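For the sequence shown, position 89 matches number 1263 in this note's numbering, and the numbering has no gaps at all. Even for Gly, the Cβ is constructed at its ideal location relative to N, Cα and C. Source: prediction; values computed, not measured.
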Amino acid sequence: MIGSARMRNLRYLCETVILNDVPGDFIETGVWRGGACIFMRGILASYSDTQRRVFVADSFAGLPPPSPDIYAADAVDVHHTHTQLAISRKDVEENFRRYDLLDGQVVFLEGWFKDTLPNAPIQKLAILRLDGDMYESTIQALDALYRKLSQGGFVVVDDYFLAPCAQAVNEFRTREGITSPLIPIDGYAVWWRVSETANHD
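Put into structure tokens, the structure is as follows:
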């Protein structure tokens, strides 16, 4: 449930990379019911883009219990107790199917990010959408996937208003020398574009 402003933003970013031939697939890390991923797949269909894939990364079992010995910022996190966040893969697949968008361009990465993202079968990304709520989920996704982003691609952080998520983003950007401005969407989420002059392989 990302709201209309974030949906409009996602459409703008997806259309920008399509129209400007920025190479790479799309991914969301933390998908809940799959709405944003379904939307991205629908955008690809509307542009007859048969090459890009949409990666759907989630545990499909809710969020992990915090590991404060490793990620101190998550010490008091309680997202793992919110059972409504545990939407099964079967349910998400059915949501894709409802729009006739479940096909070979949709790739599910099921499991904890630390296990699935480092070895995900992704060569290039054009859109990286982070929606993992926690410091742990955010930093693991950035560490595993950011360097796969093409120049001109986009990062969207859905939970930047949550302090642990913002801390992970800010520390990562500082560590990697990323100076592209953070653009607010609606008071909750932000995005930035991968610069051609960034410290980026």
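Limits of the alpha helix (DSSP H) - the one that residue i falls within
i, result
"ALA1363", "Here ALA1363 belongs to no alpha helix (DSSP H), and DSSP marks it neither H nor E."
"SER1178", "1177-1193"
"SER1324", "Here SER1324 belongs to no alpha helix (DSSP H); instead the beta strand (DSSP E) covers 1323-1331."
"SER1311", "1309-1319"
"PHE1335", "Counting along the chain, PHE1335 falls outside any alpha helix (DSSP H), and DSSP gives it neither H nor E."
"ASP1289", "1287-1290"
"ARG1263", "1263-1272"
Selected residue, minimal CA-CA separation from residue i, among the options
i, options, result
"MET1181", "TRP1366, ARG1367, VAL1228, ILE1359", "ILE1359"
"VAL1230", "THR1312, TYR1362, PHE1200", "PHE1200"
"PRO1295", "PHE1282, GLY1306, TYR1334", "PHE1282"
"GLY1351", "ASP1243, PRO1338, LEU1276, ARG1321", "ARG1321"
"LEU1237", "ASP1307, VAL1280, LEU1323", "ASP1307"
"ARG1227", "ILE1244, GLU1310, LEU1276", "LEU1276"
"ASN1344", "TRP1365, SER1324, ASN1183", "TRP1365"
"GLU1284", "CYS1188, GLY1204, PRO1197", "GLY1204"
"VAL1266", "THR1224, ALA1235, LEU1304, SER1220", "ALA1235"
"ALA1219", "GLY1177, THR1353, SER1354, ILE1192", "ILE1192"
"GLY1208", "SER1222, LEU1336, LEU1304", "LEU1304"
"ASP1243", "GLY1278, SER1222, SER1233, GLU1310", "GLU1310"
"PRO1197", "ILE1357, TYR1334, ALA1337, GLN1325", "GLN1325"
"ILE1261", "PHE1346, GLU1202, ASP1232", "ASP1232"
"ARG1347", "SER1241, ARG1367, GLU1202, GLY1361", "ARG1367"
"ASP1223", "GLY1177, ASN1269, SER1178, GLN1279", "GLN1279"
Where the beta strand (DSSP E) containing residue i begins and where it ends
i, result
"SER1220", "That residue, SER1220, is in no beta strand (DSSP E); its alpha helix (DSSP H) goes 1209-1220."
"VAL1280", "1280-1284"
Alpha-carbon to alpha-carbon, residue j and residue i
i, j, result
"ARG1272", "ARG1349", "42 Å"
"ARG1263", "ASN1194", "33 Å"
"PRO1292", "TRP1206", "21 Å"
"ASN1183", "TYR1245", "30 Å"
"ALA1363", "LEU1299", "20 Å"
"ALA1247", "GLN1225", "39 Å"
"CYS1339", "LEU1323", "20 Å"
"THR1190", "ILE1301", "10 Å"
"PRO1355", "SER1369", "10 Å"
"ARG1185", "ILE1217", "7 Å"
"THR1353", "GLN1341", "16 Å"
"ASN1373", "ILE1357", "Reliability fails at ASN1373, whose pLDDT of 46 lies under 50, so the model's placement of it is uncertain and the value that follows must be treated cautiously. When rounded, the distance between both Cα atoms is 19 Å."
Per DSSP, the bridge partner or partners of residue i
i, result
"THR1203", "ALA1231, LEU1304"
"ARG1367", "PHE1328"
"LEU1299", "ASP1199, LEU1323"
"ILE1357", "TRP1365"
Short CB-CB distance (under 8 Å) between residue i and chain B
i, result
"THR1203", "In the structure shown, chain B does not exist; there is a single protein chain."
For the segment 1208-1215 against the segment 1306-1323, are there 3 or more C-beta pairs whose distance is under 8 Å? These segments do not touch.
Inspect the CB distances between the segment 1275-1290 and the segment 1323-1336 and report whether three or more fall short of 8 Å. Contact between the segment 1275-1290 and the segment 1323-1336 is absent, because fewer than three Cβ pairs lie under 8 Å.
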